[in-house]
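Under numbering that gives the first Met the number 0, the first residue of the sequence shown carries the number 0, and numbering increases by one thereafter. The structure appears right after this line, and notes come after that.
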Amino acid sequence: MRRNVQVLLLLLSGAGVLHISLFSEVYLRYVKEGLRPLLIVSGVLLVALGTVGAARDGFPFAKPAARSDAHDADADGDAGADHGHGHDHGKGPRIAWLLFLPAITLLFFTPPALGSYTAARESDTAVADGERFSPLPGGSPLVMPLSDFSSRARQDPGRSLEGRTVSMTGFVTPGKSGGWYLTRLVLSCCAADSQSVKVRMLGTAPPPADAWVTVTGTWHPVGTVGTPSAAAALDVAGVRRVPQPANPYADAAPPAA
0 MRRNVQVLLL LLSGAGVLHI SLFSEVYLRY VKEGLRPLLI VSGVLLVALG
50 TVGAARDGFP FAKPAARSDA HDADADGDAG ADHGHGHDHG KGPRIAWLLF
100 LPAITLLFFT PPALGSYTAA RESDTAVADG ERFSPLPGGS PLVMPLSDFS
150 SRARQDPGRS LEGRTVSMTG FVTPGKSGGW YLTRLVLSCC AADSQSVKVR
200 MLGTAPPPAD AWVTVTGTWH PVGTVGTPSA AAALDVAGVR RVPQPANPYA
250 DAAPPAA
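Below, the structure is given as structure tokens:
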């Protein structure tokens, strides 16, 4: 890869990072919200490095300076030495051209957030053990995150969900043996370390996979609370299609209707 192409790659990469982090919310499909400042700084640095390289080399319009005959002879000698070694030091590996794909993707293509394909292949491991549960607020239906519902359904000895109508928002994940789950993926840092929170939906036909929905219903006890046999499930009273939230990995309570 020639130097002018390397400069172009720096500029494209920096512009792509700034495009998803400074001028849009697309970065939320890759990393947590708190990492936005670091992405912006990285994008600025890449653009600055590319600009400095372009200015120094006269990229892309300046013509290369004329070389002396002696320099040409030295270059020819070096080229001969390179050929003797079987490679050319003036070019990088051809595989480096593949680096343009992610750079161009950041600029012109918006990838979807992780969804049911990922969640169906992960165990439900995002619920912390040994949690103490505060009293639930009033109101019906009670809007709450999936992670809070799942924690209480499995581990709350006070059975605070009993008799309450709740409302939760997530995307649809088909069950391996039928049925479906309301699901959220949560991040520790980035999409690569996502973990799923799934609540089994009972009493209604599944919407299309990956559809975002808000469901209302009541807790359906499964197993013994506080033991491995406990599972999170909901007797569904209503399902409403909703747009995907701007931050699909933020397991937050849905807004009031």
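Positions of the beta carbon are idealized from the N, C-alpha and C atoms, including for glycine.
(message) Can you give me the C-alpha to C-alpha distance between Val16 and Tyr29, rounded to a whole angstrom?
(response) Here residue 16 is taken as the residue at index 17 of the sequence shown, counted from 1. Here residue 29 is taken as the residue at index 30 of the sequence shown, counted from 1. When only Cα atoms are considered, Val16 and Tyr29 end up about 11 Å apart.
(message) What does the alpha-carbon distance come out to for the pair Ser12 and Leu113?
(response) Sequence index remark: in the sequence shown, residue 12 carries index 13 (1-based). Sequence index remark: in the sequence shown, residue 113 carries index 114 (1-based). If I take the Cα positions, the gap works out to 23 Å.
(message) Just to confirm, is the Cβ distance from Ala230 to Gly222 under 7 Å?
(response) Translated into positions along the sequence shown, residue 230 becomes position 231. Translated into positions along the sequence shown, residue 222 becomes position 223. It is a contact, given that the beta carbons lie within the stated cut-off.
(message) I believe Ser149 touches Val196 by the beta-carbon criterion, under 8 Å. Please report the beta-carbon distance rounded to the nearest angstrom.
(response) Here the question's residue 149 lines up with position 150 in the sequence shown. Here the question's residue 196 lines up with position 197 in the sequence shown. Sure, about 6 Å apart at Cβ, within 8 Å.
(request) Please report the Cβ distance between Asp250 and Pro144, rounded to the nearest whole angstrom; I am assuming they are in contact, meaning their Cβ atoms lie under 8 Å. (result) For the purposes of this step, residue 250 is identified with residue 251 of the sequence shown, where counting begins at 1. For the purposes of this step, residue 144 is identified with residue 145 of the sequence shown, where counting begins at 1. Yes, Asp250 and Pro144 are in contact; Cβ-Cβ is about 5 Å, under 8 Å.
(request) Have a look at Leu10 and Asp209 and give me their C-alpha separation to the nearest angstrom. (result) In the sequence shown, residue 10 corresponds to position 11, counting from 1. In the sequence shown, residue 209 corresponds to position 210, counting from 1. Cα to Cα, the separation comes out at about 35 Å.
(request) Could you tell me the boundaries of the alpha helix (DSSP H) in which Pro173 lies? (result) Stepping through the sequence shown from its first residue, residue 173 is reached at position 174. No alpha helix (DSSP H) holds Pro173; the beta strand (DSSP E) holding it covers 164-173.
(message) Looking at Leu201: is its Cβ nearer than 7 Å to the Cβ of Asp155?
(response) As a working mapping, residue 201 is identified with position 202 in the sequence shown. As a working mapping, residue 155 is identified with position 156 in the sequence shown. No. Outside cutoff.
(request) Starting from the C-beta of Ala64, find all residues in its chain whose C-beta is less than 8 Å away, skip the five residues before and the five after it, and write them out in chain order. (result) Locating residue 64 in the sequence shown gives position 65, where the first residue counts as 1. Note on Ala64: pLDDT 47, under 50, position unreliable in the model; the coordinate value appears next. There are no such residues.
(request) For Arg2, collect the residues of the same chain with a Cβ closer than 7 Å to its Cβ; drop the 5 residues on either side in sequence, then sort them by chain order. (result) As a working note, residue 2 is residue 3 in the sequence shown. Cβ neighbours of Arg2 beyond the five flanking positions: Asp56.
(message) Going by the DSSP bridge assignment, what does Val214 pair with across the sheet?
(response) Mapped onto the sequence shown, residue 214 falls at position 215. Val214 is bridged to Met167, Val238.
(message) If you measure between the beta carbons of Ala236 and Thr182, is that distance less than 7 Å?
(response) The count along the sequence shown starts at 1 and reaches residue 236 at position 237. The count along the sequence shown starts at 1 and reaches residue 182 at position 183. No, Cβ-Cβ distance for Ala236 and Thr182 is not below 7 Å.
(message) Among the candidates Val6, Leu44, Tyr116, Ser23, whose CA atom is the shortest distance from the CA of Gly52?
(response) Reading the sequence shown from its first residue, position 53 is the one you call residue 52. When only C-alpha atoms are compared, the closest one is Val6.
(request) Answer yes or no: do Val212 and Arg240 have a C-beta to C-beta separation smaller than 7 Å? (result) Residue mapping note: residue 212 aligns to position 213 of the sequence shown, counting from 1. Residue mapping note: residue 240 aligns to position 241 of the sequence shown, counting from 1. Yes, the pair counts as a contact, with Cβ atoms nearer than the cut-off.
(request) May I have the straight-line CA-CA distance separating Pro227 from Pro173, to the nearest angstrom? (result) In the sequence shown, counting from the first residue as 1, residue 227 sits at position 228. In the sequence shown, counting from the first residue as 1, residue 173 sits at position 174. Computed Cα separation, rounded: 23 Å.
(message) By the three-class DSSP mapping on this structure, what secondary structure does Gly76 have?
(response) Numbered from 1 along the sequence shown, position 77 holds the residue referred to as residue 76. In this predicted model, Gly76 has a pLDDT of only 48, less than 50, meaning its place in the structure is not dependable; the value taken from the coordinates is given anyway. Three-state result, Gly76: helix.
(request) Below 8 Å on the Cβ atoms is my guess for Leu27 versus Gly42; work out the distance and round it to an integer in Å. (result) The residue you call residue 27 lines up with position 28 of the sequence shown. The residue you call residue 42 lines up with position 43 of the sequence shown. 15 Å between Cβ atoms; not a contact.
(request) Select from Gly137, Phe132, Phe170, Thr168 the residue whose C-alpha is nearest the C-alpha of Ala152. (result) Within the sequence shown, the letter at position 153 stands for residue 152. Per the Cα distances, Phe132.
(message) At the level of alpha carbons, what is the spacing between Phe108 and Trp179?
(response) To locate residue 108, count along the sequence shown from 1; it is residue 109. To locate residue 179, count along the sequence shown from 1; it is residue 180. In this model, Phe108 and Trp179 are separated by some 30 Å (Cα to Cα).
(request) Identify the continuous beta strand (DSSP E) that holds Val324 and give its terminal residues. (result) Coverage of the chain is limited to positions 0 through 256, which leaves residue 324 absent and any answer about it impossible.
(request) Determine the DSSP secondary structure at Gly177, reduced to helix, strand or coil. (result) Walking along the sequence shown from the start, residue 177 turns up at place 178. Strand.
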